[in-house]
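Numbering (this note's numbering), first residue to last: 1228 to 1521.
Note that beta-carbon positions come from the ideal geometry of N, C-alpha and C, so glycine has one too.
Source: prediction; values computed, not measured.
Let me begin by presenting the structure, written as structure tokens, before commenting on it.
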């Protein structure tokens, strides 16, 4: 009888172990079939000028310095533009993994700017995946420079401009990412009566990874409506992202001087064909200031 009970216990234990293995295999299988979010389409929350489809993590602070020299076409007397400088200093913060706010100040036009950026849909892989990311951006700019004409009645609201942007982006492979971004800019005050307050543009941003730490990036905005194309040009920037530990260092050339959406979309006059481009760099340094609780 004792031998029978002992044999029965062995069989029961083996069946329980087998059942546990089956349950664990089902759990593992269920976990591997969940859609996974695609990351690192771009190495920064900006391509060069415009926003990228990337986000900061929750509780991450990004200190950004955007620096642009003068026109290369000014020649050796101006050290090919290096004697001049335009810059923007900004702070971006991840409130959530898909929600970022930012604030900055540019010496071009002495402008303050702020934005909010939200991703309702991520690009994912696996069963039930979605093929691209959808990002919404809304921002405001405020010029603080003195009025050019103090004899007329000037309103505070005339200092302001607004923009709204939709980004549709996809990481096609570990090397290549591409995004399209229709942008609407509204200026409360324009310089000439013949100019329109509303400007429409279509942005294109791309990244191609060359090595483990270096990637080629390009940022172009086609001005579809609202500006005189004989005066204003489409902003085009090309450059290289260089990852160096805790920050991304970017070297680039651009025909735009301004470094917020209102500035580079509506105020670019440099012509690439005439060599009216500027050498510059962007520096991004991130800090984790609030760790997520688990």
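- Sufficient close CB pairs (3 or more, under 8 Å) joining the segment 1387 to 1396 to the segment 1363 to 1370: yes
- For residue 1458, does the three-state DSSP call read helix, strand or coil? coil
- Query: What residues in its chain sit with their C-beta under 8 Å from that of residue 1181, if we drop five residues either side in the sequence?
  - Reply: The displayed coordinates of the chain run from 1228 to 1521. Any statement about residue 1181 would go beyond what the structure contains.
- Message: According to DSSP, is residue 1240 part of a helix, a strand, or is it coil?
- Response: Annotation note: pLDDT 41 at residue 1240 (below 50); position unreliable, no value reported.
- Item | Residue range of the alpha helix (DSSP H) that includes residue 1491 | 1488 to 1493
- Item | Backbone secondary structure at residue 1285 - three-state DSSP | coil
- Using a Cβ-Cβ cut-off of 8 Å (strictly less than) and excluding sequence neighbours within five positions of residue 1250, which residues of its own chain qualify? The pLDDT assigned to residue 1250 is 45, lower than 50, so where the model puts this residue is not dependable; a value taken from the coordinates is nonetheless given after this. Within the same chain, residue 1250 has no close Cβ partners at all.
- Task: Out of 1354, 1355, 1288 and 1313, point me to the one whose CA is closest to residue 1330's CA.
- Result: 1288
- Please say whether residue 1497 and residue 1517 have beta carbons closer to each other than 8 Å? no
- Pair every Cβ in the segment 1444 to 1459 with every Cβ in the segment 1414 to 1427, then say whether three or more of these pairs are closer than 8 Å. yes
- Alpha-carbon to alpha-carbon, residue 1275 and residue 1494: 17 Å
- Query: Looking at C-alpha atoms only, which residue of 1432, 1471 and 1411 is the closest neighbour of residue 1438?
  - Reply: 1471
- Can you list, in chain order, the residues of its chain whose CB lies under 8 Å from that of residue 1256, leaving out five sequence neighbours each side? With a pLDDT of 48 at residue 1256, under the threshold of 50, the predicted position of this residue should be treated as unreliable, and no value is reported.
- Distance between beta carbons of residue 1490 and residue 1277, contact taken as under 8 Å: About 12 Å; that fails the 8 Å criterion.
- Message: Quick check: is the beta carbon of residue 1358 nearer than 8 Å to any beta carbon in chain C?
- Response: In the structure shown, chain C does not exist; there is a single protein chain.
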